[in-house]
Amino acid sequence: MSSVPAFLSAADVQDHLRSSSLLIPPLEAALANFSSGPDGGVVQPVRTVVPVAKHSGFLGVMPAYSAAEDALTTKLVTFYEGHRSTSTVPSHQATVLLFEPSNGSLLAVMDGNVITAKRTAAVSAIATKFLKPPNSEVLCILGAGVQAYSHYEVFTEQFSFKEVRIWNRTKENAEKFANTVQGEVEVCPSVQEAVAGADVIITVTMATEPILFGEWVKPGAHINAIGASRPDWRELDDELMKQAVLYVDSREAAVKESGDVLLSGAEIFAELGEVVKGVKPAHCEKTTVFKSLGKSPRAQTEPEHEVGLPTGGKRNESAAFVGESLRTLSFRSVIYVWA
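Spelled out as structure tokens, the structure:
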């Protein structure tokens, strides 16, 4: 009897990926492998984007194979711009598929929204660990959506900021954020006021034109630029992009998909994985930008003991098994997906 693929819901994934401290070490290894070229054993093409013009949507397909972990996965994500404020359906919906690389059998179907949020925030935290100025005290978040929540959760777990500020185009959403999260968050009426004197800035907006300007940014600050994932979208202005030392997760993706990089003409200094490996320096004494476009998905569970997915059985039994693998691998699990 053929295996029944496991199904992990958003709640299942959330349950097994609660701590960012458990995600960051394998993600650092994944970034280093990716930036090692062929020696890293990662086959990861830039995502394919299929326009759904009739409905103002996009379908993104992001496959990846890692020889080191013998992991074969694909992430599928849909984005419908009009759903941001007019629909109860989320603007972004994602699913991650895990395959048996030896024969192509589908092993698991996982909710990709939680994985995306967790992975993106954790990689931003890695960039911040290397690039933030010493003794950083003020964190600023621009945007109040899903990524704002995930970044706040990870950053307050990983760092000790004395002050956290938030700005959002719709003030009510920023106020809801401040009232929902644990800890004190100051809601700011403008981007300029929010970023004034901030040591670390996170942009997680749906902006298509620059909202953050270089003249407002404290010299030596670090910016994690998460939004504006299309070649004609921007979050940061030319001055900021050109005055900062620019780091990216993927050069290939950045020069194809990032409007902030393409339209500013800014020069990429290094991939984050090169910094993790120690082959490129982290210029934390300078203003830095980490442009995150995400990576293709790889979800690999490596339990401390040899196990195999059950054959046959009920779908929820398979899900429980994969979930237990995620729990018991001492979190040598590696999950990295497109943002």
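Heads up, the sequence shown stops at 1296 in the working numbering, and the numbers go up one at a time, no gaps.
All residues carry an ideal CB built from backbone N, CA and C; glycine is no exception.
Q.
Going by DSSP in three states, residue 1271 sits in which element: helix, strand or coil?
A. In the sequence shown, counting from the first residue as 1, residue 1271 sits at position 314. Bear in mind that a pLDDT of 40 at residue 1271, under 50, signals an unreliable position, so the number given afterwards is only what the model happens to contain. If DSSP states are grouped into helix, strand and coil, residue 1271 belongs with coil.
Q: Return helix, strand or coil for residue 1181, following the three-state DSSP convention.
A: One-based indexing of the sequence shown puts residue 1181 at position 224. In this structure, residue 1181 counts as strand in the three-state DSSP scheme.
Q) Do you know how far the Cα of residue 1059 is from the Cα of residue 1165? A) The count along the sequence shown starts at 1 and reaches residue 1165 at position 208. The count along the sequence shown starts at 1 and reaches residue 1059 at position 102. C-alpha separation (whole angstroms): 42 angstroms.
Q) Quick one, which of 1108, 1201, 1115 has its alpha-carbon nearest residue 1184's? A) Here residue 1184 corresponds to residue number 227 of the sequence shown, with the count starting at 1. The option with the nearest alpha carbon to residue 1184 is 1108.
Q | Inter-stretch contact (C-beta, 8 angstroms, three-pair minimum) for the region 972-987 and the region 1066-1082 | A | Touching, yes.
Q: Please say whether residue 1233 and residue 988 have beta carbons closer to each other than 8 angstroms?
A: On the sequence shown, residue 988 is found 31 positions in, with the first residue counted as 1. On the sequence shown, residue 1233 is found 276 positions in, with the first residue counted as 1. Contact flag set, yes.
(Q) Short of 8 angstroms in beta carbon distance, which residues of its chain neighbour residue 990, apart from the five on each side in sequence? Order them along the chain. (A) Start at 1 with the first residue of the sequence shown, and residue 990 comes out as number 33. Excluding positions up to five away in sequence, the list reads 997, 998, 999, 1023, 1025, 1230.
Q. Whose C-beta lies closer than 7 angstroms to the C-beta of residue 1084 among residues of the same chain, with five residues either side of it excluded?
A. Locating residue 1084 in the sequence shown gives position 127, counting from the first residue. Scanning its chain for C-beta atoms nearer than 7 angstroms, with the 5 sequence neighbours on each side dropped, one finds around residue 1084 the residues 1181, 1204, 1229, 1247, in chain order.
Q. Using 8 angstroms as the threshold, is the region 1133-1147 in touch with the region 1161-1179, meaning 3 or more CB pairs across them?
A. no
(Q) Measuring only the C-alpha atoms, how far is residue 1128 from residue 1154? (A) Walking along the sequence shown from the start, residue 1128 turns up at place 171. Walking along the sequence shown from the start, residue 1154 turns up at place 197. C-alpha separation (whole angstroms): 21 angstroms.
Q | Sequence-distant residues of its chain with Cβ nearer than 7 angstroms to residue 1198 (five each side left out) | A | The residue you call residue 1198 lines up with position 241 of the sequence shown. Excluding positions up to five away in sequence, the list reads 1217, 1221, 1223, 1246.
Q) Taking DSSP as the reference, what is the three-state secondary structure of residue 1257? A) Here residue 1257 refers to the residue found at position 300 of the sequence shown. In this predicted model, residue 1257 has a pLDDT of only 37, less than 50, meaning its place in the structure is not dependable enough to derive any value.
Q. For the alpha helix (DSSP H) that residue 1061 lies in, which residues bound it at each end?
A. For the purposes of this step, residue 1061 is taken as residue 104 along the sequence shown, with counting starting at 1. Careful: residue 1061 lies outside any alpha helix (DSSP H) and carries neither H nor E.
Q) Where residue 1167 and residue 1187 are concerned, what is the direct C-alpha to C-alpha distance, given to the nearest angstrom? A) In the sequence shown, counting from the first residue as 1, residue 1167 sits at position 210. In the sequence shown, counting from the first residue as 1, residue 1187 sits at position 230. Whole-angstrom Cα-Cα distance: 13 angstroms.
(Q) Using the three-state DSSP reduction, which class does residue 1192 fall into: helix, strand or coil? (A) Translated into positions along the sequence shown, residue 1192 becomes position 235. Residue 1192: coil per DSSP, three-state reduction.
Q) residue 1156 and residue 1243: beta carbons closer than 8 angstroms? A) Sequence index remark: in the sequence shown, residue 1156 carries index 199 (1-based). Sequence index remark: in the sequence shown, residue 1243 carries index 286 (1-based). Taking 8 angstroms as the cut-off, the beta carbon of residue 1156 is found no closer than this to the beta carbon of residue 1243.
(Q) What does DSSP give as the partner residue(s) for residue 1050 in the beta ladder? (A) On the sequence shown, position 93 is the one that residue 1050 refers to. Answer by DSSP bridge pairing, in chain order: 1035.
Q. Which residue's Cα is closest to the Cα of residue 1297: 1046, 1086, 1055?
A. This structure leaves residue 1297 out entirely; the chain is present only between 958 and 1296.
Q) The beta strand (DSSP E) with residue 1099 in it runs from where to where? A) Numbered from 1 along the sequence shown, position 142 holds the residue referred to as residue 1099. 1095-1099 is the extent of the beta strand (DSSP E) around residue 1099.
Q. Near residue 1052, what residues of its chain come up, given a Cβ to Cβ distance below 6 angstroms and the 5 sequence neighbours on each side ignored?
A. Position 95 of the sequence shown, counted from the start, is the residue given in the question as residue 1052. The answer, listed in chain order, is 1033, 1069.
Q: Evaluate residue 1258 with the Cβ neighbour count: other Cβ atoms within 10 Å of its Cβ, from every protein chain shown; 16 or more gives buried, anything less gives exposed.
A: What you label residue 1258 is simply residue 301 of the sequence shown in a count that begins at 1. Any reading at residue 1258 must be qualified, since the residue scores a pLDDT of 32, below 50, and its modelled position is unreliable; the value itself is stated next. Under this definition residue 1258 is a buried residue.
Q. Pick from 1119, 1103, 1114, 1087: whose alpha carbon is nearest that of residue 1097?
A. In the sequence shown, residue 1097 corresponds to position 140, counting from 1. For residue 1097, the closest C-alpha among the options 1119, 1103, 1114, 1087 is that of 1119.
Q) So the alpha helix (DSSP H) residue 988 belongs to, where does it begin and stop? A) Here residue 988 refers to the residue found at position 31 when the sequence shown is read from its first residue. Here the alpha helix (DSSP H) through residue 988 covers 977-991.
**Q.** Contact check, residue 974 vs residue 1071, beta carbons under 8 angstroms
**A.** Walking along the sequence shown from the start, residue 974 turns up at place 17. Walking along the sequence shown from the start, residue 1071 turns up at place 114. The answer is yes: Cβ separation under 8 angstroms.
Q: Can you tell me which of the three DSSP states residue 1208 falls into?
A: Along the sequence shown, read from residue 1 onward, the residue named residue 1208 stands at position 251. DSSP places residue 1208 in helix when its eight states are reduced to three.
Q. Can you name, in chain order, every residue of its own chain whose Cβ lies under 7 angstroms from the Cβ of residue 1249, other than the five neighbours on each side?
A. Taking the first residue of the sequence shown as 1, we reach residue 1249 at position 292. Only 1077, 1080, 1081, 1181, 1182, 1183, 1206, 1296 meet the Cβ criterion.
**Q.** Between the CA atoms of residue 1117 and residue 1191 - distance to the nearest angstrom
**A.** Position 234 of the sequence shown holds residue 1191. Position 160 of the sequence shown holds residue 1117. Going by the C-alpha atoms only, they are around 30 angstroms apart.
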